[in-house]
Ligand code: FES
């Protein structure tokens, strides 16, 4: 008998009414930290930590035009694909942000599948 892969399993992570529109929450599924955010009625789930220097995006991340921007050095990710739109551009002067950006290669934010069922937000991890 084989166990299901984690990507085959739906995890109940939070009651739907605990996440209001425009809010973000950080939760764990095992050792994996995820961020749940609701925009209007849509739930989105990504990994919780910025790929640059692991800032928790639920704390101060700005959501605009389908992207989330990390408050620390303003790395920006597309919320649908996790693609990096900008990597550590802040601060511009002196070139501190760009220097810090070289500490780690740009890499996408993992985006997970989410649904709401029976009053719960459920998440299926992407990888
Ligand atoms: S930690 Fe997020 S941009 Fe640096």
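Numbering (this note's numbering), first residue to last: 871 to 997. Where a beta carbon is used, it is the ideal one built from N, C-alpha and C, also for glycine. Remember, predicted model here, so these are calculated numbers, not experimental data.
#### Entry: residue 907, DSSP secondary structure in three states
For residue 907, the three-state secondary structure derived from DSSP is strand.
### Message
Which residues neighbour ligand 1 when neighbourhood means a C-beta less than 7 Å away from any of its non-hydrogen atoms? List them by chain order.
### Response
920, 922, 923, 924, 925, 940, 942, 943, 944, 945, 958, 970
### Task
Would you verify that the beta carbon of residue 951 is, or is not, closer than 9 Å to some beta carbon of chain D?
Protein chain content of the structure displayed is limited to a single chain, and chain D is not contained in it.
### Message
Contact defined as beta carbons within less than 8 Å: I believe residue 967 pairs with residue 916. What is the distance between those atoms, to the nearest angstrom?
### Response
Actually they are not in contact, since the Cβ atoms of residue 967 and residue 916 sit about 22 Å apart, beyond 8 Å.
#### Entry: For residue 987, the residue or residues it bridges with in DSSP
990
### Message
Using the Cβ count rule (16 or more neighbours within 10 Å means buried), how would you classify residue 894?
### Response
Classification of residue 894: buried, given that the 10 Å Cβ count is 16 or more.
### Message
Quick check: the Cα distance between residue 920 and residue 940, rounded to an integer number of angstroms?
### Response
7 Å
### Query
What are the start and end residues of the alpha helix (DSSP H) that includes residue 966?
Annotation for residue 966: the continuous alpha helix (DSSP H) segment containing it runs 966-971.
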